[in-house]
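Asker: Quick one: this structure, given as structure tokens, is what I'll be asking you about.
Residue numbers (our numbering): 71 to 244.
Take a look at the structure:
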């Protein structure tokens, strides 16, 4: 990724595997260990941050893009992507403020070439991703799997274990 100024680590899995749930458990652990974490999440939905009837929505609908909303608590920049197209992670990194970050976690973008941890639940009857993705550096599952010795296996239900893997293996490697 040409526009990554800090390490990237993705979490790749089929919908319903628990990516967001795991990330909400891992992020506080990593923050407690002193890491400053950013996150980029890919969405397949046409989401709205601003809502119909609100001034920011009306201004964007009038043709302003980007629109920045700012308060004493947070800032959001809303930019329409025209023409509508599937976003590429490296393109999004150009717009992502990486200053002050130690690590960017990425949810989704599973077809893109950057290091990822695959999440897998055999009960969902979905295929494993790692055989077709050389960028998967570990697999977190809720039960043991038959995988190559070169692929680290993690317990999906042990966020402390996954955070330790990130700290001890991934961060040191980069």
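Even glycine gets a Cβ: it sits at the ideal position worked out from N, Cα and C.
1) Check the DSSP bridge columns for residue 190 and list the partner residues they point to.
2) Assign residue 180 to buried or exposed, taking buried as 16 or more other Cβ atoms, counted over all protein chains shown, within 10 Å of its Cβ.
3) How long is the line joining the alpha carbons of residue 202 and residue 217, rounded to whole angstroms?
4) Identify, in the order they occur along the chain, each residue of the same chain with its Cβ nearer than 6 Å to the Cβ of residue 146, setting aside the five sequence neighbours on each side.
5) When the Cα of residue 178 is compared with those of 74, 75, 80 and 72, which residue comes out closest?
6) Between the alpha carbons of residue 213 and residue 193, how many angstroms are there, rounded?
7) Please confirm whether residue 221 and residue 211 have their CB atoms less than 7 Å apart.
Answerer: According to the data block:
1) Working through the chain shown from its first residue, we reach residue 190 at position 120. Beta-bridge pairing links residue 190 to 211.
2) Your numbering for residue 180 matches position 110 in the chain shown. Buried.
3) Start at 1 with the first residue of the chain shown, and residue 202 comes out as number 132. Start at 1 with the first residue of the chain shown, and residue 217 comes out as number 147. Each residue's Cα considered, the two are about 13 Å apart.
4) Counting from one through the chain shown, the residue named residue 146 turns up at place 76. 119 and 139, listed in sequence order.
5) Reading the chain shown from its first residue, position 108 is the one you call residue 178. Residue 80 is the option with its Cα nearest to residue 178.
6) Sequence index remark: in the chain shown, residue 213 carries index 143 (1-based). Sequence index remark: in the chain shown, residue 193 carries index 123 (1-based). For residue 213 and residue 193, the distance between alpha carbons rounds to 10 Å.
7) As a working mapping, residue 221 is identified with position 151 in the chain shown. As a working mapping, residue 211 is identified with position 141 in the chain shown. Not a contact, by the Cβ cut-off of 7 Å.
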